[in-house]
Structures are given as C-alpha cells and as structure tokens.
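Below is one structure, written out as structure tokens; the observations come after it.
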Amino acid sequence: MPEQVLLAFELKRAQTNELGPEGCTRDDGGLGRAARPTQRDRRQHRREPTLNFVPAVHDDPDHPDPLLVELYRSLPDADDPEPWLDWCRGAAEVLYIGVGTGRLAVPLSRAGVRLIGVDAHPGMLAHLRSRLPEVELIQARVEDLDLGRQFDFVMAPSHLLASHERLRAAARHCRGRIAIQLLNPYWLAGPSHPGVRVHELGHDRARLEVSYPGGWTHPATVDLVWPEGMEAFLDAAGLRLLLLRGEDPEAGLEESPTFYALAARSSRRARIPST
Ligand SMILES: C[S@@+](CC[C@H](N)C(=O)[O-])C[C@H]1O[C@@H](n2cnc3c(N)ncnc32)[C@H](O)[C@@H]1O
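Laid out in structure tokens, this is it:
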C-alpha cells in the first residue's frame, strides 16, 4: 500500500523550512538511508538524544505510526480554512476523509460546519475525539468505506484520493459535490520545490520526502494525477469536474504545490438526447 504524503496547507509551512542536515534525516542518499539510522546515528542518538537524530514519520493506513499523531499535534490549526470552508457552506453534513487530529476539522467545526470524520489511524481519531467530542468519527480506510449514506459535500485534502479505488469509494458517499486536493506533478517537476526532496519522478508515481519544521521528515511514494488528466480520472469514478485551481486562484496552476478539484456526481443520462 503506497504511503500518503503529508500534504495539505502545511506544505506551505514546509516550504519555509530549508532542506538540509537539520531539516532532514541524515543525508540525501535515498529513502532507505533516510528512514534507517546508521550505526553512527545510533551512537550519537544514545549520547545526545535530542541532537541531530530526526524521526521519519510514515502515513500507512495498514500500520498506523504513532509518530504521525505527534507530528500533527505539533502543527497549529489552519488559521484560514479556505477554500474548504466556502465549499462546505450550505451542506447539511460534510464527510471529511482523512480528518487527522483536527488541524483543519477544528476550525471548520467552529465555523459551524457539521462534520463526519473518517480516518484509518486510531491515534489520530483519539486525539481529535478529545478536541471535538460532539463530532461523529469513524475509523476506516477510505478504500473500505461503506457507510450506507450519502453527503452533500465530501472533502479529502492531503493527496488522499489519488487512486481510482479511493476516489470511487469517496464518490459513492457523495450526493452533491466532492473536493480533493492533490500534489501537483508540475510543481514537483519544476526547478524548485522547497520542503520536498524528490528522489524519483515518473509520470504516474513519485518517491519523495517532505521536511517539516521541528525536523520531522516524511518519506513517501505517491501516485500522481496530472491536472490535464483530472477529467478522465474523475469520470472513471462517476464524477464531473466543476473547477480546477491552484492554492492561489490568481496564480498559474503550474507554480502551485498542490491543486484542488471540485466535482459533482455526473448525470450521464441527462446528457443523452431523448429521441
Ligand atoms: C496528511 S494527514 C492530514 C490530516 C488532515 N487532513 C490535515 O490536513 O491536518 C492524512 C490523514 O489521512 C489518514 N489516512 C491515510 N491513509 C488513509 C486511508 N487509506 N484511509 C483513511 N484515512 C487515511 C491518516 O491517518 C492521516 O490522519
């Protein structure tokens, strides 16, 4: 199961964090080395546990990493929950997939959005439950999700729905609109992507490492969807594209680290002429 990359609004924060020995695991010699400390690391770590040894965090729904909770607890809540808040307006209930510890869910909930949160990680949900005891939280992998009900709005930040299987499962729970946020392959392929070290970039997949303030790193292999492929990607899940935009709606899409797609259930039959 490919890991999810830790990407949402906080990628902006990562961009301000210089990549280098302090911001990453030991070196840039590859994902395996970055994730596994050397003998020298272990010796140093024993002597000076707080110096230089930087934990690698994994987001694997089949093997929940306790450090993921620590990382997300260390991040501040989003002070500007747009564009999500705008898209949530008017929805009686919003299904939030990959809800995490509440970095975004708490501001949305405080703004009056009625959320139902889904996450595969029991530790993330336990923390969020302590912050939002009134919100319904469901522990499930999105690919297995079968709630038997549909929502006016379904949202999935953080590159969570980059596979057909996951998008189809989310789309089954949507009766109105759905919004997803994905890593932008154009940005990864560009000359500069501060905070993200790209080890390999293919057309369909990238192997990379995200660096966070505080020294956290997140190695991940991610599926890629290019912006021009979004219509076909959505169509395969019975969705039609309404809007495609970067983080700054005024700026060019290629410069944006991530992009958003807003979509609705397609009503193919309505398009077929009746004669
Ligand atoms: C990068 S974190 C983002 C959390 C939150 N959306 C935020 O922006 O703060 C991704 C979240 O998705 C969850 N997740 C990862 N893979 C998942 C899957 N297959 N099904 C459900 N949740 C998943 C992780 O446990 C984690 O809480």
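When the letters of the sequence shown are read in order and numbered with my numbering, they come out as residues 2 to 276.
All C-beta atoms in this analysis are idealised placements derived from N, C-alpha and C, irrespective of residue type, glycine included.
The structure presented is a predicted model; accordingly, all values stated were derived computationally and were not measured.
Excluding the 5 residues flanking residue i on each side, which residues of the same chain have their C-beta closer than 7 Å to its C-beta?
i	result
L242	M231, E232, L235, A262 and A264
S110	L116, L133 and V136
V199	L189, A207 and L209
C175	Q151, F152, V155 and R266
G226	Checking the displayed sequence, the identity of residue 226 turns out to be Val instead of Gly. So the qualifying residues of the chain are A163, L183 and F234.
H146	Reading off the sequence shown, one finds Leu at residue 146, where the question assumed His. The answer, listed in chain order, is V119, A170 and H174.
A79	F10, R104, L105 and P108
Y1	One cannot answer for residue 1 here, as it falls past the ends of the chain, which runs 2 to 276.
S75	G215
E94	R115, I117, F152 and D153
Report whether the distance from the Cβ of residue i to the nearest heavy atom of ligand 3 is below 7 Å.
i	result
H122	Ligands displayed in this structure: ligand 1; ligand 3 is not among them.
By Cβ distance below 6 Å, which residues in the same chain neighbour residue i in space, the five residues on each side in sequence not counted?
i	result
E255	Y187
A172	A238, G239 and L240
A92	D153 and F154
L68	P56 and V58
I181	A157, L162 and A262
P50	In this prediction, P50 scores a pLDDT of 38, lower than 50, which makes its location untrustworthy; the coordinate-derived value is nonetheless stated afterwards. Nothing meets the Cβ criterion.
R142	P62 and A121
R167	V143 and E144
S268	none
V100	A106, G118 and D120
I139	V119
P38	Low confidence applies to P38: its pLDDT is 36, below 50, so where it sits in the model is not reliable, and the reading given next is rough at best. There are no such residues.
A112	L86
Along the chain, where does the beta strand (DSSP E) that runs through residue i open and close?
i	result
P220	T218 to D224
V211	R206 to S212
D236	Element bounds for D236: not the beta strand (DSSP E) but the alpha helix (DSSP H), M231 to D236.
H194	Run containing H194: none; DSSP gives neither H nor E here.
V70	Careful: V70 lies outside any beta strand (DSSP E), inside the alpha helix (DSSP H) at P67 to S75.
A252	A252 -> no beta strand (DSSP E), and no H or E assigned at all.
L245	L240 to G247
A264	T259 to R266
A157	F152 to A157
Could you name the residues of the same chain whose beta carbon sits closer than 8 Å to that of residue i, not counting the 5 residues immediately before and after it, in chain order?
i	result
W88	F154, M156, R178, A180 and L263
P77	R104
D224	P3, A163, S164, D205 and R206
E229	none
Grab the span of the alpha helix (DSSP H) containing residue i for me, first residue to last.
i	result
R167	H165 to R173
D87	W85 to C89
Exercise. Can you list, in chain order, the stretches of the beta strand (DSSP E) that have 3 or more residues and sit fully within the region 93-141?
Worked result: Fully enclosed beta strand (DSSP E) runs of 3 or longer: 95-98, 116-120 and 137-140.
For this session: Indicate whether the contact test is met: 3 or more Cβ pairs, each with one atom in the region 80-91 and one in the region 55-65, closer than 8 Å.
Result: Taking 8 Å as the limit for Cβ pairs, the verdict is that the region 55-65 does not touch the region 80-91.
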